[in-house]
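Visitor:
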Amino acid sequence: MAPRDVPVAEPGQGGGSGSVSVPATSPAPAVSQAGPPREPVPISYPAEGEGTWRTAVGHPVTAGERGTLRRYRVLVEKGITGLEVNEFADTVSETLNDPRGWTAGGRWRMRRVGPGQPYDFTIYLATPETRDVLCGVARDGYTSCRNGDAVVINVARWVKGVPDYGASLSVYRQYVVNHEVGHRLGHGHELCPGKGQPAPVMQQQSLGLHRCTANSWPYRDGERYAGASGQYNDPTPPPDRGSAKPT
Ligand SMILES: [Zn+2]
3 MAPRDVPVAE PGQGGGSGSV SVPATSPAPA VSQAGPPREP VPISYPAEGE GTWRTAVGHP
63 VTAGERGTLR RYRVLVEKGI TGLEVNEFAD TVSETLNDPR GWTAGGRWRM RRVGPGQPYD
123 FTIYLATPET RDVLCGVARD GYTSCRNGDA VVINVARWVK GVPDYGASLS VYRQYVVNHE
183 VGHRLGHGHE LCPGKGQPAP VMQQQSLGLH RCTANSWPYR DGERYAGASG QYNDPTPPPD
243 RGSAKPT
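As numbered in the working numbering, residues 3 to 249 make up the sequence shown, in order.
1) Where does the unbroken beta strand (DSSP E) through N156 begin, and where does it stop?
2) On the CB-based measure, 16 or more other CB atoms within 10 Å of its CB, does L265 come out buried or exposed?
3) I'd like to know if the region 220-230 and the region 131-142 are in contact, where contact means that at least 3 CB-CB pairs between them fall below 8 Å.
4) If you pair each beta-carbon of the region 142-151 with each one of the region 81-100, do three or more pairs fall below 8 Å?
5) DSSP state of S231, grouped into three classes?
6) According to DSSP, what are the bridge partners of G55?
7) Within 8 Å, do at least three Cβ pairs link the region 199-208 to the region 111-127?
8) For P241, which residues in the same chain have their Cβ closer than 7 Å to its Cβ, ignoring the five residues on either side in sequence?
9) What residue range does the beta strand (DSSP E) around H127 cover?
10) Helix, strand or coil, according to DSSP, for G184 in the structure here?
11) Short of 7 Å in beta carbon distance, which residues of its chain neighbour S218, apart from the five on each side in sequence? Order them along the chain.
12) Determine the burial state of D100: buried for a count of at least 16 other Cβ atoms within 10 Å of its Cβ, exposed for fewer.
13) Grab the span of the alpha helix (DSSP H) containing N88 for me, first residue to last.
14) Just to confirm the assignment, what range does the beta strand (DSSP E) spanning W110 have?
15) Is Q207 close to ligand 1? I mean its beta-carbon at under 7 Å from any heavy atom of the ligand.
16) Kindly indicate which three-state DSSP category S172 falls into: helix, strand or coil?
17) Strictly by DSSP, which residues pair up with N149?
18) Taking the alpha-carbon positions, what's the T64 to G210 distance?
19) Any idea what DSSP makes of Y144, helix, strand or coil?
20) Going straight from the alpha carbon of N156 to that of E67, what length do you get?
21) When burial is assigned at 16 or more other CB atoms within 10 Å of the CB, is L98 buried or exposed?
22) Please report the distance separating the alpha-carbon of G116 from that of V183.
23) Are the CB atoms of Y47 and G81 within a distance shorter than 8 Å?
24) Report the rounded CA-to-CA distance for T57 versus A128, giving the unit in angstroms.
25) Label P62 either buried or exposed according to how many other C-beta atoms from any shown protein chain fall within 10 Å of its C-beta, with 16 as the threshold for buried.
26) I'd like to know whether the C-beta atoms of W110 and L193 end up nearer to each other than 8 Å.
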């Protein structure tokens, strides 16, 4: 199936601005590791970045056993500090390579490629205003989007998540990667199947769960997990103003 070419905006809820400081690393695991704990580096970002990019190196693993290969590169906008491009890219690839991810059904394989290599789409981590430039329509400065071959993750959501998500920031990050890449693979929006059920990954979970529970995966227990086509008419929050002044 050919991917849709229309930009897909992601209305969300909440909003907020001002200073924020969130560790660049995941919360400490339950089982403590040897050695002193590493001091987390806060991620900061201006409302508008430089519009230039750092590109991650390729990943050695091609995810999936069969199906069409989709190669992607990962870029982080300059001006975002406290997050190495390869660290972000590895979080993205860990999600896309997960056995609960889009490669599970045998239709797709995924591989992250490095600078100068051919690619099918790009995953950007962008500041709120650059996100608007890349996304085209629905310049809300808040949500993430997919526009053609651009999968655009808003750094504000990467850092802060969304209010009332009911799951960890790591789960939200997995969700937003799988959701936007799902658009690139041709999937549209879906609805909550029922109260207390996991939200389909193609539900707009950033805007509200609508009585579903947070879920970041397109496959559950080895089976495709999806809802009926459709989307909710939730309000769009105010743009994020960033957490640091441009350097
Ligand atoms: Zn969407």
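We treat Cβ as the ideally placed atom computed from N, Cα and C, and that holds for glycine.
Only a predicted model underlies this, so the values are computations on that prediction, with no experimental measurement involved.
Guide: Looking at the atomic coordinates:
1) 152-156
2) In the structure as shown, the chain begins at 3 and stops at 249. Residue 265 is therefore absent and cannot be evaluated.
3) no
4) no
5) strand
6) Residue identity differs from the one stated: residue 55 is Trp in this sequence, not Gly. W55 pairs with E79.
7) no
8) P130, D142, G143, Y144
9) Looking at the sequence itself, residue 127 is Leu, so the reference to His does not match. Taken as a continuous stretch (DSSP letters only), the beta strand (DSSP E) holding L127 covers 123-128.
10) helix
11) V173, Q176, Y177, N180, V203
12) buried
13) 87-98
14) 110-114
15) no
16) helix
17) A152
18) 33 Å
19) coil
20) 31 Å
21) buried
22) 18 Å
23) yes
24) 12 Å
25) exposed
26) no
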